[in-house]
Amino acid sequence: MSFLDPYRHDLIAATGEATATPYFIYRLRDAMLADPTGRRILRARPRISSKTLSLEALRALPENSVGRAYVGWLDREGVSPDTRATVRYIDDEECAYVMQRYRECHDFYHALTGLPIVREGEVALKAFEFANTLLPMTGLSIFAAATMKRSERQRFASIYLPWALKNGARSKEVINVFWEERLEDDVSDLRKELGIEQPPDMRDIRKREREEKKRLKELREQGL
Numbered sequence: 073m074s075f076l077d078p079y080r081h082d083l084i085a086a087t088g089e090a091t092a093t094p095y096f097i098y099r100l101r102d103a104m105l106a107d108p109t110g111r112r113i114l115r116a117r118p119r120i121s122s123k124t125l126s127l128e129a130l131r132a133l134p135e136n137s138v139g140r141a142y143v144g145w146l147d148r149e150g151v152s153p154d155t156r157a158t159v160r161y162i163d164d165e166e167c168a169y170v171m172q173r174y175r176e177c178h179d180f181y182h183a184l185t186g187l188p189i190v191r192e193g194e195v196a197l198k199a200f201e202f203a204n205t206l207l208p209m210t211g212l213s214i215f216a217a218a219t220m221k222r223s224e225r226q227r228f229a230s231i232y233l234p235w236a237l238k239n240g241a242r243s244k245e246v247i248n249v250f251w252e253e254r255l256e257d258d259v260s261d262l263r264k265e266l267g268i269e270q271p272p273d274m275r276d277i278r279k280r281e282r283e284e285k286k287r288l289k290e291l292r293e294q295g296l
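For the sequence shown, the numbering used here gives the first residue as 73, with consecutive numbering after it.
Here's what the structure looks like:
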């Protein structure tokens, strides 16, 4: 099933739309209508892609800026802002845009939290999104933790799931961030404004785990 494989973006998109209606996508739309910035986003309906954002210009921004953090994350993970599926199964035009906006902002959430696109990172971010947006598909995606390696499951349960639920629930609704207007802002200041703590560096933890496994393997081969 799609929620067990966070890389099946086609199935996730379809299931996400089916489970978001009739209530949850309206709740998210209403959260935008209740916020001044959210209302401006709904009026302007901006789109996020390589056509609307100059990635080269973002690479020239200061290292601590939101835009530089975003494009740096894209470059590091080898992904593009042009991969988000078009909403197909939500009839209400405004709600369809809300779902589209959520999808296209997903990589900004990655950049803000520093979580990589490995399965462990994707599931952690989905848990954060569930606590923040209440979209059912993001909650269902947490079950993908069952497909992780044992060490990843333990780390997810002890570190990243508690972080995700705590920060997603207490932070401001990230759907109301007008990312296009915040690109030059300091990324640490934006985290503070939203009430988001950056989680422990997952890449660094995974790297240290690999190095330790390699060290132990070498010791075993040496008979130590």
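In this text, a Cβ means the ideal position worked out from N, Cα and C, and glycines have one as well. This one's a predicted model, so the numbers in the text were calculated from it and none came from an experiment.
query, result
"Using alpha carbons as the reference points, say which of Leu197, Ile277 and Leu288 lies closest to Ala241.", "Leu197"
"Looking at Ser126 and Glu256, is the spacing between their C-beta atoms short of 7 Å?", "no"
"Would you mind reading off the limits of the alpha helix (DSSP H) that contains Ala183?", "Glu165 to Thr185"
"Please determine if the segment 218-230 and the segment 131-151 are in contact, where contact requires at least 3 C-beta pairs separated by less than 8 Å.", "no"
"Which residues mark the beginning and the end of the alpha helix (DSSP H) in which Gly240 is found?", "Leu233 to Arg242"
"Could you tell me whether the Cβ atoms of Lys244 and Leu266 are closer together than 7 Å?", "yes"
"I'd like to know whether the C-beta atoms of Tyr142 and Ala86 end up nearer to each other than 7 Å.", "no"
"Which class does Ser137 belong to by DSSP, given the choice of helix, strand or coil?", "strand"
"Buried or exposed for Arg160, going by 16 or more other Cβ atoms inside 10 Å?", "exposed"
"Does DSSP put Asp258 in a helix, in a strand, or in coil?", "strand"
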